[in-house]
Amino acid sequence: MERVKKISIIGVGSVGSTLAFNILKNLDIEELILIDIAGSLAKGVALDLEDTRAFLEFSTKILGTSNINHIKNSDIVVVTAGKARSAGMTRYDLLNINKEIAKKIAKKIKEVAPTSLVIVITNPVDFITYVIKKRRVLEENEL
């Protein structure tokens, strides 16, 4: 496999921001794109990660944005976006909310980054993976 140059994370809440930190800590990549519907959150996480540059010693370019078009040319797109399950919420409730989010994301991935490897972490992960695969028309080895 070729060297991974660009990784995009869609959704930078607890899971996405932790993943971003671990990517910077463990992988040598050129570019890390953090995307969140709350652009200020994505920018804030990017700034926090920039503060770790001194002790993690990475050269990765980091961008925090609300513009999903920045996933273009990503080698890997990680989807962590979605609502967290709250008290009293059933798995079915969560599925209905996150399904709509996943549909929009899958459409954009298909349009902007059709050759990227897609990793899904959004819950319920089994169903959301199916939704993204169906909407993006993925092969088994691409997801």
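According to the numbering used here, the sequence shown is numbered sequentially starting from 115.
Ideal placement from N, C-alpha and C gives every residue a C-beta, glycine not left out.
As the structure is a computational prediction, the values presented were derived from the model and not from experiment.
Please classify residue i: is it buried, with 16 or more other beta-carbons within 10 angstroms of its beta-carbon, or exposed?
i	result
Ser128	exposed
Phe169	exposed
Lys120	buried
Leu161	exposed
Asn212	buried
Bridge partners for residue i per DSSP, in chain order?
i	result
Ile190	Ile121 and Leu231
Leu148	Ile123 and Gly178
In angstroms with no decimal places, state the Cα-to-Cα distance between residue i and residue j.
i	j	result
Asp189	Lys221	17 Å
Asp106	Val234	This structure leaves residue 106 out entirely; the chain is present only between 115 and 257.
Lys175	Ile143	9 Å
Arg205	Val239	11 Å
Thr236	Leu148	15 Å
Pro228	Thr132	26 Å
Going by DSSP in three states, residue i sits in which element: helix, strand or coil?
i	result
Gly158	helix
Asn237	coil
Gly153	helix
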